[in-house]
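Q:
Residue numbers (my numbering): 59 to 207.
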């Protein structure tokens, strides 16, 4: 399809696959570094993450389960081991299925809020963290798919 890029690693590809539960890799926050994420901050910085060999080997853009130092799952994020902002939280629900339905709901909520506040369809559709869509590659793929050539 025109404008179709590589899928987010770990995400399901279509609505038909929404019932598939995938085993996502885990990323462990260092001791004392989970407070901000637990309180709702949308990012985890690379110096807050235990960067062992397995974590460093994860491909940029992978979906991961973020874990507190004790191993408790605290949410799902997109992950890039080569970036200062290494993890971008998508949800605090560690069992969430990040698929087309999940993303569609976030986008629909963003559109509904702008329609309510602005009233005319001349606005920025998604404001990353403010709309719960912190994955820049995800937003880039969406923009590529709706931008005329």
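Backbone N, C-alpha and C define an ideal beta-carbon position, used for all residues, glycine too.
#1: Could you have a look at residue 146 and say whether DSSP puts it in helix, strand or coil?
#2: Please state the DSSP three-state secondary structure of residue 191.
#3: If we count the other Cβ atoms within 10 Å of its Cβ and call it buried at 16 or more, is residue 120 buried or exposed?
#4: On the DSSP bridge list, what partners appear for residue 125?
#5: Leaving out five residues on either side along the sequence, give the residues of the same chain with a beta carbon under 8 Å from the beta carbon of residue 122.
#6: Taking the alpha-carbon of residue 179 as reference, which of 170, 155, 100, 105 has the nearest alpha-carbon?
#7: So what does residue 102 bridge to, in DSSP terms?
#8: Per DSSP, what are the beta-bridge partners of residue 120 in this structure?
#9: Using only alpha-carbon positions, find the residue among 189, 104, 96 that is nearest to residue 166.
#10: Buried or exposed: where does residue 102 fall if 16 or more other Cβ atoms within 10 Å of its Cβ makes it buried?
#11: Hey, residue 168 and residue 184 are a contact pair by Cβ (cut 8 Å); roughly how many whole angstroms apart?
#12: Taking only the alpha-carbon atoms, compute the straight-line gap between residue 125 and residue 131 and give it to the nearest angstrom.
#13: Using a Cβ-Cβ cut-off of 6 Å (strictly less than) and excluding sequence neighbours within five positions of residue 108, which residues of its own chain qualify?
A: From the atom records:
#1: Along the chain shown, read from residue 1 onward, the residue named residue 146 stands at position 88. It is a strand residue.
#2: The residue labelled residue 191 in the question sits at position 133 within the chain shown. Residue state, collapsed to three classes: coil.
#3: Within the chain shown, the letter at position 62 stands for residue 120. Buried: at least 16 other Cβ atoms inside 10 Å.
#4: Within the chain shown, numbered from 1, the residue matching residue 125 stands at position 67. Looking at the DSSP assignment, residue 125 forms a beta bridge with 86, 131.
#5: Working through the chain shown from its first residue, we reach residue 122 at position 64. Closer than 8 Å at Cβ, skipping near neighbours: 68, 82, 83, 84, 85, 116, 134, 135, 136, 137, 145.
#6: Looking up residue 179 in the chain shown gives position 121. Ranking 170, 155, 100, 105 by Cα distance to residue 179 puts 170 first.
#7: Stepping through the chain shown from its first residue, residue 102 is reached at position 44. Bridge partners of residue 102: 145.
#8: Here residue 120 is taken as the residue at index 62 of the chain shown, counted from 1. Answer is 137.
#9: The residue you call residue 166 lines up with position 108 of the chain shown. The shortest C-alpha separation from residue 166 is found at 189.
#10: Translated into positions along the chain shown, residue 102 becomes position 44. When all chains shown are included, residue 102 counts as buried.
#11: Residue 168 sits at position 110 when you count from the first residue of the chain shown. Residue 184 sits at position 126 when you count from the first residue of the chain shown. With a Cβ gap of about 5 Å, residue 168 and residue 184 count as contacting.
#12: For the purposes of this step, residue 125 is taken as residue 67 along the chain shown, with counting starting at 1. For the purposes of this step, residue 131 is taken as residue 73 along the chain shown, with counting starting at 1. Approximately 4 Å between the Cα atoms of the pair.
#13: Looking up residue 108 in the chain shown gives position 50. So the qualifying residues of the chain are 86, 88.
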